[in-house]
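Trainee:
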Amino acid sequence: MSSITETRQGLVGTWSLVEYKAVRADDGLVSHPMGPKAEGFLIYTPDGFVSAHLMEPGAPEFSGADVAGGTKDELYQAMKHYLAYCGRFELSESDGKVLLRHYMDVCSFPNWIGTSQERVITLKDTILEISTAEPVMHGGHLQHGSLVWHRSQSTINIY
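Mapping to UniProt numbering: the sequence shown position 149 is 149, numbers consecutive.
Written out as structure tokens, the structure reads:
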């Protein structure tokens with residue numbers, strides 16, 4: 001079985017975010033773009049889809065119950081504290097590294113809709129690390145991002 005096939009089978013399931021950090025390309029400064037306690041889930045399906053959700057805890061609740069409502073500041077804070085996207089994924093290999101490409105069919109950051117993001121991945125047992133292949137602009141700086149995920153275990157047996 002190829003490394004790609006094994007990796008694809010190993011990805012399928014739900015992953016919980018352990019850490020999201022970024023290292024500035026220019027000066028090496030390490031930061032946590034969604035705070036030191038970022039939360040998230042990453043879901044890979046057997047038929048080749050990915051759904052990613054990242055959240056910085058602490059977004060203030062809206063003053064009203066209307067999901068489509070909210071003041072400009074409430075909407076700004078909600079966007080600032082959350083990133084989500086969904087689409088297809090595919091794997092490839094280059095120079096001994098497994099590359100992962102996420103296609104953004106829907107995304108809370110409109111600029112990514114219709115684009116794809118390439119990442120370098122390392123999968124070992126229940127730990128998945130996904131790193132940017134190239135620096136990404138975030139907070140006014142080019143940064144190398146790294147997300148560490150732990151395989152989630154369901155507490156419900158539906159079968």
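Where is the CB? At the ideal position from N, CA and C, for every residue including glycine. Computed from a predicted model, the values in this text were never measured in an experiment.
#1: For Ala38 and Gly58, what's the separation of their Cα atoms in angstroms?
#2: Check the DSSP bridge columns for Gly145 and list the partner residues they point to.
#3: Tell me whether the beta-carbon of Ile4 lies closer than 8 Å to the beta-carbon of Leu91.
#4: When the Cα of Tyr103 is compared with those of Ser94, Gly87, Glu93, Lys97, which residue comes out closest?
#5: Can you name the start and end residues of the beta strand (DSSP E) that Gly40 belongs to?
#6: Using C-beta distances below 8 Å, list every residue in its chain close to Met1, excluding the 5 sequence neighbours before and after it, in chain order.
#7: Which same chain residues end up closer than 7 Å to Trp120 when comparing Cβ atoms and leaving out the 5 residues on each side of it in sequence?
#8: At what residues does the alpha helix (DSSP H) containing Leu11 begin and finish?
#9: I'd like to confirm the pairing. Which residues does DSSP put opposite Ser131 in its beta bridges?
#10: Between Met34 and Glu19, is the Cβ-Cβ spacing less than 8 Å?
#11: Return the CA-CA distance between Pro110 and Ala78, expressed in angstroms with no decimal places.
Mentor: By the coordinates alone:
#1: Within the sequence shown, numbered from 1, the residue matching residue 38 stands at position 38. Within the sequence shown, numbered from 1, the residue matching residue 58 stands at position 58. Cα-Cα distance, rounded: 10 Å.
#2: Within the sequence shown, numbered from 1, the residue matching residue 145 stands at position 145. Bridge partners of Gly145: Ala22.
#3: Translated into the one-based positions of the sequence shown, residue 4 becomes position 4. Translated into the one-based positions of the sequence shown, residue 91 becomes position 91. Cβ atoms of Ile4 and Leu91: closer than 8 Å.
#4: As a working note, residue 103 is residue 103 in the sequence shown. It is Gly87.
#5: What you label residue 40 is simply residue 40 of the sequence shown in a count that begins at 1. Following the DSSP letters along the chain, one finds Gly40 inside the beta strand (DSSP E) bounded by residues 39-44.
#6: The residue labelled residue 1 in the question sits at position 1 within the sequence shown. Because the pLDDT at Met1 is just 45, under 50, the model does not fix this residue reliably, and the value given afterwards should be weighed accordingly. Nothing meets the Cβ criterion.
#7: As a first step, residue 120 is located in the sequence shown; it is residue number 120 there, counting from the start. Per the sequence shown, the amino acid found at residue 120 is Val instead of Trp. Only Lys97, Leu99, Ser131, Ala133 meet the Cβ criterion.
#8: Translated into the one-based positions of the sequence shown, residue 11 becomes position 11. 3-11 is the extent of the alpha helix (DSSP H) around Leu11.
#9: Walking along the sequence shown from the start, residue 131 turns up at place 131. In DSSP, Ser131 forms a bridge with Val120, Ser146.
#10: As a first step, residue 34 is located in the sequence shown; it is residue number 34 there, counting from the start. As a first step, residue 19 is located in the sequence shown; it is residue number 19 there, counting from the start. Contact annotation: Met34 and Glu19 have beta-carbon atoms that are not nearer than 8 Å.
#11: As a first step, residue 110 is located in the sequence shown; it is residue number 110 there, counting from the start. As a first step, residue 78 is located in the sequence shown; it is residue number 78 there, counting from the start. Taking the straight line joining both Cα atoms gives about 15 Å.
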